[in-house]
Amino acid sequence: MNTQRNPELAISVTDATVHYGQVLALDHASLQMGHGTVCGLVGMNGSGKSTLFKTIMGQIKPDTGTVKISGTDPLQARKNGKLAYVPQSEAVDWNFPIAVRDVVMTGRYGQMGWTRRAKKKDHAAVNEALERVELTDYADRQIGQLSGGQKKRAFVARCIAQGASIMLLDEPFAGVDKRSEATITKLLREIADEGASVLISTHDLQALPDLADEAVLLMRKVLKHGPPEEVLRAENLALAFGLDPMKRDAS
Ligand SMILES: Nc1ncnc2c1ncn2[C@@H]1O[C@H](COP(=O)(O)OP(=O)(O)OP(=O)(O)O)[C@@H](O)[C@H]1O
1 MNTQRNPELA ISVTDATVHY GQVLALDHAS LQMGHGTVCG LVGMNGSGKS
51 TLFKTIMGQI KPDTGTVKIS GTDPLQARKN GKLAYVPQSE AVDWNFPIAV
101 RDVVMTGRYG QMGWTRRAKK KDHAAVNEAL ERVELTDYAD RQIGQLSGGQ
151 KKRAFVARCI AQGASIMLLD EPFAGVDKRS EATITKLLRE IADEGASVLI
201 STHDLQALPD LADEAVLLMR KVLKHGPPEE VLRAENLALA FGLDPMKRDA
251 S
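So the sequence shown is residues 1 to 251, counted in UniProt numbering.
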């Protein structure tokens, strides 16, 4: 685990427990992530991945434990633009009448003040982000008129335009074509090499060694955290999935 590059951890979740009514979604889960790292979060349906994201984002306050983002409170980290989130596709209203460029511009809102009037530097940041995700030619399309992979790229561009140094991506490869997957994977690698930390939930275990420096196996608590090839050993997967999901669909 590369937690050495900066002594202050990018993400530090300690002993987090979350209930939804009677349902125990996180059970004393702890996760420490350094800067400049891509980390894959894997676990079966209902293992708590989205709940962990919401907890890291400060949307859910855990019953026990603490969350620190670069040493600060998650809400503070969101306010200062350091923490960004790419939601699952189902969580987005794709019919909303907004162009791709404007979706990316929402990443700049925190830095614009209450007028939300875009300045030259905001337009420049949006254009650069669109270019990095190869969506410049689609900038004026309504967001719902993109393919699944292009939609994901638009949301990654929003994080880039925001200047976030910690990014959480909830299943960015679900329903995504191979070209978009390769573009996103390469981009996340570049972003991490520039010092950002990227936590990605995915069901694509086969792709994990190419995608991530580290993997986390979640089953309400963090069962394993380390290099993907170690975490994805058959005995560990059996613990988390009760079978060998490399041979079958992991979901
Ligand atoms: N709003 C909610 N109310 C009640 N229970 C919930 C709620 N959200 C999640 N849960 C439950 O909490 C547990 C963890 O759910 P969560 O969505 O975090 O899992 P996940 O690993 O992201 O699943 P998936 O891979 O299917 O997206 C599950 O048992 C789920 O049914």
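The C-beta atom is built at its ideal place from N, Cα and C for all residues, glycine as well.
According to DSSP, which residues form a beta bridge with residue i?
{"i": "residue 123", "result": "Paired residue(s): none; residue 123 is not in a bridge."}
{"i": "residue 33", "result": "11"}
{"i": "residue 214", "result": "39"}
{"i": "residue 19", "result": "24"}
{"i": "residue 83", "result": "166"}
{"i": "residue 142", "result": "99"}
Report, in whole angstroms, the separation of the C-beta atoms of residue i and residue j, which I expect to be a contact under 8 Å.
{"i": "residue 28", "j": "residue 152", "result": "In fact, because the Cβ distance is near 32 Å, the residues do not count as touching under 8 Å."}
{"i": "residue 225", "j": "residue 31", "result": "7 Å"}
{"i": "residue 84", "j": "residue 159", "result": "4 Å"}
{"i": "residue 150", "j": "residue 135", "result": "6 Å"}
{"i": "residue 217", "j": "residue 240", "result": "5 Å"}
{"i": "residue 192", "j": "residue 38", "result": "5 Å"}
{"i": "residue 92", "j": "residue 55", "result": "Incorrect: roughly 21 Å between the Cβ atoms, too far for contact."}
{"i": "residue 40", "j": "residue 212", "result": "4 Å"}
Considering just the uninterrupted stretch of the beta strand (DSSP E) at residue i, what are its terminal residues?
{"i": "residue 226", "result": "221–226"}
{"i": "residue 64", "result": "64–69"}
{"i": "residue 103", "result": "Counting along the chain, residue 103 falls outside any beta strand (DSSP E), though it belongs to the alpha helix (DSSP H) covering 100–105."}
{"i": "residue 109", "result": "It is not in any beta strand (DSSP E) - residue 109 instead sits in the alpha helix (DSSP H) that spans 109–112."}
What is the residue span of the alpha helix (DSSP H) that residue i lies within?
{"i": "residue 200", "result": "Per DSSP, residue 200 belongs to no alpha helix (DSSP H); it is in the beta strand (DSSP E), 197–201."}
{"i": "residue 91", "result": "It is not in any alpha helix (DSSP H) - residue 91 carries neither H nor E in the DSSP assignment."}
{"i": "residue 304", "result": "As shown, the chain starts at 1 and ends at 251. That puts residue 304 outside it, with no answer to give."}
{"i": "residue 240", "result": "234–241"}
{"i": "residue 56", "result": "49–57"}
Could you give the uninterrupted runs of the beta strand (DSSP E) lying entirely in the segment 157–190, keeping only those of 3 residues or more? Within the segment 157–190, the complete beta strand (DSSP E) runs of at least 3 residues are 166–170.
Okay, do the segment 119–126 and the segment 167–182 touch, 3+ Cβ pairs below 8 Å being the bar? Counting Cβ pairs under 8 Å, fewer than three are found: no touch.
How about the segment 127–143 and the segment 86–100: do they share at least three Cβ pairs that are nearer than 8 Å? A contact exists between the segment 127–143 and the segment 86–100.
Tell me, please, whether the segment 200–213 touches the segment 104–118 by the rule of three or more beta-carbon pairs shorter than 8 Å. With the cut-off at 8 Å, the segment 200–213 and the segment 104–118 do not touch.
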